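In mature numbering (1 follows the signal peptide of the UniProt record, and there is no 0), the protein residues as written are -22 to -1, 1 to 123. The next block holds one structure in the form of structure tokens; read it before the comments.
In structure tokens:
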């Protein structure tokens, strides 16, 4: 299990530091809930292609309740209306969760909305369902900068 965790962390580090294959969209911070557990999130979105309709979003979250749970997500977003100030997107991805006693893999499906504030800032709202041993609904809102 330690090797799997190390591989995931190395993959995330490579993706976060690589700008060769994707344009830099920016960083984001958010707050939200996952099955009544309140948490915070940091994220990095990479926009791919000239049309700017495809994104890869890497997210790290910490949720607090009876025990602290860390969640790492890699999601694909397909922007339905890239020219709009209100960008809607479905999302699909994978998740790895860690708490003191165990680790879990999951898959997620959902959707989101980016609301343009300025040239470099926008609000985001995401709702997704995670399938797996720690399944449930997650709602996250925050800002890209």
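Even glycine gets a Cβ: it sits at the ideal position worked out from N, Cα and C. Since the model is a prediction, treat every value here as computed from it, not as a measurement.
Item                                                                                                                              : Value
Proximity to residue 15 [Cα-Cα], best of 49, 87, 23, 31                                                                           : 49
CB-CB length for residue 7 against residue 121, believed under 8 Å                                                                : 6 Å
Beta-carbon spacing of residue 67, residue 89 below 8 Å                                                                           : yes
Bridge partners - residue 115, DSSP secondary structure assignment                                                                : 107
First through last residue of the beta strand (DSSP E) which encompasses residue 28                                               : Looking at the DSSP string, residue 28 is not in any beta strand (DSSP E), and its letter there is neither H nor E.
Candidates 71, 96, 47, of which the one nearest residue 77 by Cα                                                                  : 47
Local conformation of residue -1 per DSSP, three classes                                                                          : Low local confidence applies: a pLDDT of 47 at residue -1 is under 50, so the model's placement there is unreliable, and no value is given.
Three-state class that DSSP yields for residue 60 in the structure shown                                                          : coil
Beta bridge counterpart(s) of residue 95 as assigned by DSSP                                                                      : Per DSSP, none; premise fails for residue 95.
Proximity winner among 4, 65, 12, relative to residue 116 (alpha-carbon distances)                                                : 12
Residue 80 - DSSP class collapsed to helix/strand/coil                                                                            : coil
Sequence-distant residues of the same chain with beta carbon closer than 6 Å to residue 53, five excluded per side                : 35, 69, 71
Chain-order list of residues whose beta-carbon lies under 6 Å from that of residue 112 (same chain, five-residue window excluded) : 75, 82
Per-residue burial, residue 108 [other beta carbons within 10 Å of its own, 16 or more giving buried]                             : buried
Counterpart residues of residue 43 in DSSP-defined beta bridges                                                                   : Residue 43 pairs with nothing; no bridge assigned.
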